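Residues in the sequence shown are numbered from 1 upward in steps of one, following the numbering used here.
Glycine included, each C-beta is placed from N, C-alpha and C at the ideal position.
On a predicted model such as this, the values are computed, not experimentally measured, just so you know.
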Amino acid sequence: METNQYSRRKFARDAARFTLGAALAPQIIPASVLGRGRTSPSDKIHVGSIGVGLRGADVMRNFLAQDDVRVVAVCDVNRPVREAARQLVDDHNGDHSCAAYNDFRELLARRDIDVVTIASPDHWHVPMAIAAANAGKDIYLEKPMGLSVSQDQALRTACHRNGTAFQFGTHQRSFDRFRWACELVRNGRIGELRTINVWSPGSTPGGPTAPVPVPPGLDYEMWLGPAPSVPYTEDRCSNKYWWFISDYALGFIAGWGIHPLDIALWGGGDKLRCSVEVEGTGVFPSSGLVDTAVDWDIHFSYTSGVKMHFTGRPLEEWQKYGPLASHGTAFEGAEGWVWIDRENMAASPKKLESSFIGPGDLHLYRSRDHARNLLDCVRTRRPTVCPIDDSVQADITCQIADIAIRTHQKLRWDPASERFTGNEKANRFLTRPMRSPWQI
């Protein structure tokens, strides 16, 4: 059994995994040399943040707000973004000690870093997270996970092998309202679960395709990394479009859809941990930079008898739940329903809205703050509210939905083998090539 609290692997072994020189660490006794149950002399958990643009900066701020955290390094391939993040951290810490890196491997080579946050573009999520796990770091990974099922599987293996404390960015599990709605379902308050309706925003079409010069300060080659080498185009690397380009992401079928789908899985429990048939339709752009589905209508039929309907917009018949936002999850049972999103919630019969989950009922994992939950688990080594196995299940649900609309076929997914039954065409979508020299 490993005996140190944070970085559970020797630096000499870690360094062999990276093709670069060792980065210089600040003059501080690293947490990795202390025993389990101990923190660094400053009693701080040291955090390094990889990908510190809009969302990444928000994630980093959530950790900066924790009293027992010191952010010691940031990394981004966009120099202005990187320097802005360094300044933000230095202002918070009241000194000039925060290091800033262009290459994430330099950050991971530092022995004094206990936790990394990763909020890079999606195509980098799994390669960076596997490298972090192998370097002995605990991980906060923004959603979604990988570009393929095989990437998800590889990250799961790395986390289990290294004993990584892992938190996924499906942070709705840390909201009381979502937990309560799922507890209603799991405790049978709506009767036998029959149907789950899930919706999220669709993707954005368009995007310029004419090559233009790379903006000053952007390391475009490193931004591309394992993705195909293509000329730079306007806004390709901005949040305006990369989310919706299949070289880098699955579009909002995963980028946003994973939030309400994760709640569906949390509320459905074992009823959704079984074989499932999935089929549907998708609308794909005919021109422009974007090539992921901008709208979709997908049906899941589980062998438990539960059916799930997942769309890129709320359907008219779902207005019965209440004033719908662009995303949400609704559970329908034999005796009622409960609907939840980030703005509203409702249930039928109405008395369910004041229903109490008592001491003898099933209680789901209680987390009040997503960053805090990971940090507590870094110390205790207990699972987080979004552990790696649940996170992979949620991401695979997005993956098989996308594959179904791309193959135009009804597919049967076997969760035991994590393959489609009797359909090699669909199974070919379970892996993706990576541009050399990158690999996982």
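Which residue's Cα is closest to the Cα of residue i: the options?
i, options, result
"Leu265", "Asp291, Pro226, Thr195", "Thr195"
"Thr311", "Cys159, Ala416, Lys240, Ile258", "Ile258"
"Phe356", "Ser174, Gly188, Arg61", "Gly188"
"Ser148", "Asp122, Ala99, Arg161", "Asp122"
"Ala416", "Ser326, Trp337, Val276", "Val276"
"Phe104", "Ala73, Asp90, Gly94, Leu88", "Ala73"
"Lys271", "Pro323, Ser391, Thr303", "Thr303"
"Gly225", "Pro127, Arg379, Tyr140, Leu88", "Pro127"
"Val283", "Trp296, Asn93, Thr431, Arg273", "Trp296"
"Tyr241", "Trp337, Arg79, Gly206, Glu343", "Gly206"
"Ala249", "Lys137, His370, Cys398", "Cys398"
"Asn134", "His125, Leu108, Gln151", "Leu108"
"Ser348", "Pro433, Trp256, Tyr321, Thr281", "Tyr321"
"Gly269", "Gln393, Ala210, His299, Arg161", "Gln393"
"Pro437", "Glu316, Gly280, Met222", "Met222"
"Lys137", "Ile190, Gly48, Val52", "Gly48"
"Val52", "Asp43, Val69, Val81", "Val81"
"Glu332", "Ser326, Leu352, His96", "Leu352"
"Arg111", "Gly94, Asn93, Ala132", "Ala132"
"Arg273", "Pro359, Met308, Arg161, Glu279", "Met308"
"Gly169", "Trp318, Asp369, Ser287, Glu316", "Asp369"
"Ser367", "Phe175, Pro216, His92, Ala84", "Phe175"
"Asp341", "Gly358, Glu335, Pro323, Ala334", "Pro323"
"Thr117", "His96, His125, Trp124, Tyr140", "Tyr140"
"Gly336", "Gly146, Gln172, Trp124, Glu192", "Glu192"
"Arg432", "Ile400, His171, Gly146, Ala210", "Gly146"
"Ala210", "His125, Gly305, Gly288", "Gly288"
"His92", "Thr407, Met60, Lys350", "Met60"
"Gly267", "Cys237, Arg313, Arg173", "Arg173"
Using C-beta distances below 7 Å, list every residue in its chain close to residue i, excluding the 5 sequence neighbours before and after it, in chain order.
i, result
"Met345", "Arg177, Ala181, Trp339"
"Ile130", "Ala154, Leu155, Ala158, Ile440"
"Glu234", "Pro208, Val212"
"Arg55", "Ala119, Glu142"
"Gly251", "Ser203, Trp243, Phe244, Thr292, Ala293"
"Cys98", "Val71, Val72, Ala73, Val74, Arg86, Val89, Asp90"
"Phe420", "Leu411, Arg412, Trp413, Ala426, Asn427"
"Pro144", "Asp122, Leu250, Ala254, Gly255, Ile258, Asp395, Cys398"
"Val290", "Ser203, Thr204, Pro205, Gly206, Gly207, Tyr241, Phe244, Ile245"
Who are the near neighbours of residue i in its chain, counting only those whose CB is closer than 6 Å to its CB and skipping five residues on each side?
i, result
"Thr384", "Gln167, Asn373, Leu374, Cys377"
"Arg179", "Leu364"
"Val198", "Pro260, Leu261, Ala264, Phe310, Thr329"
"Asn62", "Ala371"
"Tyr101", "Cys75, Leu107"
"Ala165", "Asp138, Cys377, Val378"
"Asp67", "none"
"Val33", "Because the pLDDT at Val33 is just 46, under 50, the model does not fix this residue reliably, and the value given afterwards should be weighed accordingly. For Val33, where only same-chain residues beyond five positions count, there are no Cβ hits under 6 Å."
"Leu315", "none"
"Pro216", "none"
"Ile400", "Val278, Trp413"
So for residue i, helix, strand or coil by DSSP?
i, result
"Tyr321", "helix"
"Leu289", "coil"
"Met145", "coil"
"Gly207", "coil"
"Tyr232", "coil"
"Asn187", "coil"
"Ile258", "helix"
"Gly217", "coil"
"Arg273", "coil"
"Lys307", "strand"
"Asn78", "strand"
"Val52", "coil"
"Tyr278", "Per the sequence shown, residue 278 should be read as Val rather than Tyr. Note: Val278 maps to strand in three-state DSSP."
"Trp300", "In the sequence as presented, Trp is not what sits at residue 300; that position holds Phe. Strand at Phe300."
"Phe178", "helix"
"Val385", "coil"
"Asp67", "coil"
"Gly312", "coil"
"Asn239", "coil"
So if DSSP puts residue i in a beta bridge, which residue, or which two residues, is it bridged to?
i, result
"Tyr140", "Thr117, Gln167"
"Ala330", "Asn197, Trp339"
"Asp295", "Val283"
"Val212", "Paired residue(s): none; Val212 is not in a bridge."
"Ile253", "Answer by DSSP bridge pairing: none, since Ile253 is not bridged."
"Ile245", "According to DSSP, Ile245 bridges with nothing at all."
"Ala73", "Gly48, Ala99"
Within its chain, find whatever has a CB closer than 8 Å to the CB of residue i; leave out the 5 residues flanking it on each side and keep chain order.
i, result
"Val214", "Tyr220, Tyr232"
"Pro228", "Asp247, Arg435"
"Asp361", "Glu183, Asn187"
"Ala65", "Ala371"
(request) Only counting runs of 3 or more residues, tell me where the beta strand (DSSP E) segments fall wholly within the region 81 to 129, in order along the chain. (result) 99 to 101, 115 to 118
(message) As an exercise, report each continuous beta strand (DSSP E) stretch of at least 3 residues that is fully enclosed by the region 388 to 434, in chain order.
(response) 411 to 414
(request) Run through the region 342 to 377 for me and flag every whole beta strand (DSSP E) of 3 or more residues, listed as ranges in chain order. (result) 345 to 348
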